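For the sequence shown, this note's numbering assigns the number 325 to the last residue and increments by one with no breaks.
Note that beta-carbon positions come from the ideal geometry of N, C-alpha and C, so glycine has one too.
Owing to the predicted nature of the structure, the values given are computational and were not obtained by experimental measurement.
Okay, structure first, notes after.
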Amino acid sequence: MQIASWKRPLARLVGFTGIVPALLTLCNAFTQSFCLIKMGADHATSTWRLLVAWFIIGLNIVLSSPTLPLALVKLRIFQGKFRPRLRLVGTDVPLVDVIIPCCNESLDVLQDTILAAIALDYPEDRFRVIVTDDGGSAHLRAWVAEQGQHNLYYTARVKNGSSGFKAGNLNHAIQFIETQLAPEPAEFIASLDADMIPEKKWLRAMTPHLVLNPKMGVVCPTQSFYNFPKNDPLYQSQLNSWRCLDIIRDMADIAWNTGSGFILRRQALSDIGGFPTDCLVEDVHSSMLMMSKGWKTAYVAESLQYGLMPESFLGHIKQFTRWVS
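Written out as structure tokens, the structure is:
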């Protein structure tokens, strides 16, 4: 996925279309306030009507206020640059630890992801795949062992007290790498959701952004899905986010960690004390903490992974409830 060359100049109009509604809202509130002040001075209506009118104006301002910061962010698109596609070539490449967190997903779904991960176009001695299983599945453990891959590992944590959900599982995998694997932890850490099948070029497409910029903390690609219906009635594809909003955030230097397919610098994660376990959106939270420490974040508008969407309306609601909890 890449924006066509003729569309790029049009994309910059988002900065204009973003600020105009916000300015019109402010102008409207100012005009209404001016009219109410004049009506009150002329005693043109009753006091209670004026109070109701002032309440409605105030309510409109409160409800519209979140659009102003977003509009200011969109203005950055006038100065921002579209992030290029890069490729790391050769065999002299950095070591990467690829973590696949899972918890009671179907074994056949996990198999697709794991097999794709160990078949990446990347030197086998320069990346390791760690399956970190919060479900403690004996079948998954046995299947991983059957593969006989020297760079494929399985681990399952013993939960004591608060689990920290996915963030806790990721932190456990990192601790496992640091204490159980030799010779040393990789400079970069990558992660895939249990159902996200990566393209063979995934690591070669993502790592250059970290290699070229020593202050780059995390890089995230587009998430694509292969099982939503053509008419997409629940808008599960989130194309507006992947093809517009995330690109705008990247051009404004406030890109988010989108949760799967990301590659981050171990030092940046260490600086924030690991993945935060006090919320269910550890991806977005961790990237914001990195930015607060001076690290850069990036979004690469390239389809490098393909996953599954919830197959029922109830599953869709559960997913969105988790995102906003």
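Member of LEU181, ARG204, ILE177, ARG157 whose CA lies at the smallest distance from the CA of ASP92: Here residue 92 corresponds to residue number 92 of the sequence shown, with the count starting at 1. Cα-wise, what sits closest to ASP92 is ARG204.
Please report the residue range of the alpha helix (DSSP H) in which PHE165 lies. The sequence position of residue 165 within the sequence shown is 165, counting from 1. Segment 165 to 180, the alpha helix (DSSP H) holding PHE165.
DSSP state of ALA119 mapped onto helix, strand, coil: Against the sequence shown, residue 119 aligns to sequence position 119. Correct three-state label for ALA119: coil.
Between the Cα of GLU302 and those of GLU311, PRO310, CYS244, spot the shortest distance and give me the residue it belongs to. Taking the first residue of the sequence shown as 1, we reach residue 302 at position 302. If we check each option's Cα against that of GLU302, CYS244 comes out closest.
Using beta-carbon positions only, say whether ASP283 and ASN257 come within less than 8 Å of one another. What you label residue 283 is simply residue 283 of the sequence shown in a count that begins at 1. What you label residue 257 is simply residue 257 of the sequence shown in a count that begins at 1. Yes; because the gap between Cβ atoms is below 8 Å, this pair is in contact.
Validate contact between the stretch 125 to 142 and the stretch 211 to 226 using beta carbons, cut 8 Å, 3 pairs: No, because fewer than three Cβ pairs between the stretch 125 to 142 and the stretch 211 to 226 fall closer than 8 Å, the two stretches do not touch.
How about the stretch 264 to 273 and the stretch 185 to 193: do they share at least three Cβ pairs that are nearer than 8 Å? With a cut-off of 8 Å, the stretch 185 to 193 and the stretch 264 to 273 count as touching, because enough Cβ pairs lie within range.
Unbroken beta strand (DSSP E) run spanning MET216, endpoints: Position 216 of the sequence shown, counted from the first residue, corresponds to residue 216. Element bounds for MET216: 216 to 225.
Under three-state DSSP, which class holds CYS102? Here residue 102 is taken as the residue at index 102 of the sequence shown, counted from 1. The three-state reading of DSSP puts CYS102 in strand, counting E and B together.
What number of angstroms, rounded off, separates the C-alpha of THR297 from the C-alpha of ALA44? Locating residue 297 in the sequence shown gives position 297, where the first residue counts as 1. Locating residue 44 in the sequence shown gives position 44, where the first residue counts as 1. Distance between the alpha carbons of THR297 and ALA44: 56 Å.
May I have the straight-line CA-CA distance separating VAL62 from MET39, to the nearest angstrom? Taking the sequence shown and counting its residues from 1, the one referred to as residue 62 is at position 62. Taking the sequence shown and counting its residues from 1, the one referred to as residue 39 is at position 39. The alpha-carbon atoms of VAL62 and MET39 are separated by roughly 23 Å.
On the three-pair Cβ rule with 8 Å, is the stretch 169 to 182 touching the stretch 205 to 217? Verdict: no, contact absent.
Can you list, in chain order, the residues of its chain with a C-beta nearer than 6 Å to that of ALA268? Leave out the 5 residues immediately preceding and following it. Along the sequence shown, read from residue 1 onward, the residue named residue 268 stands at position 268. Correct list, in chain order: GLY217, MET290, TRP295.
Let me know the beta strand (DSSP E) ranges lying completely inside the stretch 119 to 155, each 3 residues or longer, listed in chain order. Those beta strand (DSSP E) runs which fall completely within the stretch 119 to 155 and span 3+ residues are 127 to 133, 152 to 155.
Whole angstroms are fine: how far does the CA of TYR154 sit from the CA of GLU146? Here residue 146 refers to the residue found at position 146 of the sequence shown. Here residue 154 refers to the residue found at position 154 of the sequence shown. Our two residues, GLU146 and TYR154, have alpha carbons roughly 11 Å apart in a direct line.
Opening and closing residue of the beta strand (DSSP E) in which GLN305 lies: Here residue 305 is taken as the residue at index 305 of the sequence shown, counted from 1. Per DSSP, the unbroken beta strand (DSSP E) holding GLN305 starts and ends at 296 to 307.
Beta-carbon gap between ILE56 and ALA116 smaller than 8 Å: Locating residue 56 in the sequence shown gives position 56, where the first residue counts as 1. Locating residue 116 in the sequence shown gives position 116, where the first residue counts as 1. No, the pair does not count as a contact, with Cβ atoms beyond the cut-off.
Name, in chain order, the residues that DSSP records as bridge partners for PRO198. Taking the sequence shown and counting its residues from 1, the one referred to as residue 198 is at position 198. Residue pairing of PRO198 in beta bridges, as defined by DSSP: GLN305.
Cβ-Cβ separation, MET251 to PHE19 (assumed contact under 8 Å), whole Å: Locating residue 19 in the sequence shown gives position 19, counting from the first residue. Locating residue 251 in the sequence shown gives position 251, counting from the first residue. Correcting the residue type first, residue 19 is Ile in the shown sequence and not Phe. Here ILE19 is actually not in contact with MET251; their C-beta atoms are around 15 Å apart, not less than 8 Å.
Cβ atoms of PHE225 and GLY315: under 8 Å apart, would you say? Locating residue 315 in the sequence shown gives position 315, where the first residue counts as 1. Locating residue 225 in the sequence shown gives position 225, where the first residue counts as 1. Against a cut-off of 8 Å, the Cβ pair of PHE225 and GLY315 comes out as no contact.
Would you call the stretch 22 to 37 in contact with the stretch 64 to 74, where contact means no fewer than 3 C-beta pairs closer than 8 Å? With the cut-off at 8 Å, the stretch 22 to 37 and the stretch 64 to 74 touch.
Just to confirm, are VAL14 and ILE254 a CB contact at a threshold of 8 Å? Position 14 of the sequence shown, counting from 1, holds the residue named residue 14. Position 254 of the sequence shown, counting from 1, holds the residue named residue 254. Taking 8 Å as the Cβ cut-off, VAL14 and ILE254 do not qualify as a contacting pair.
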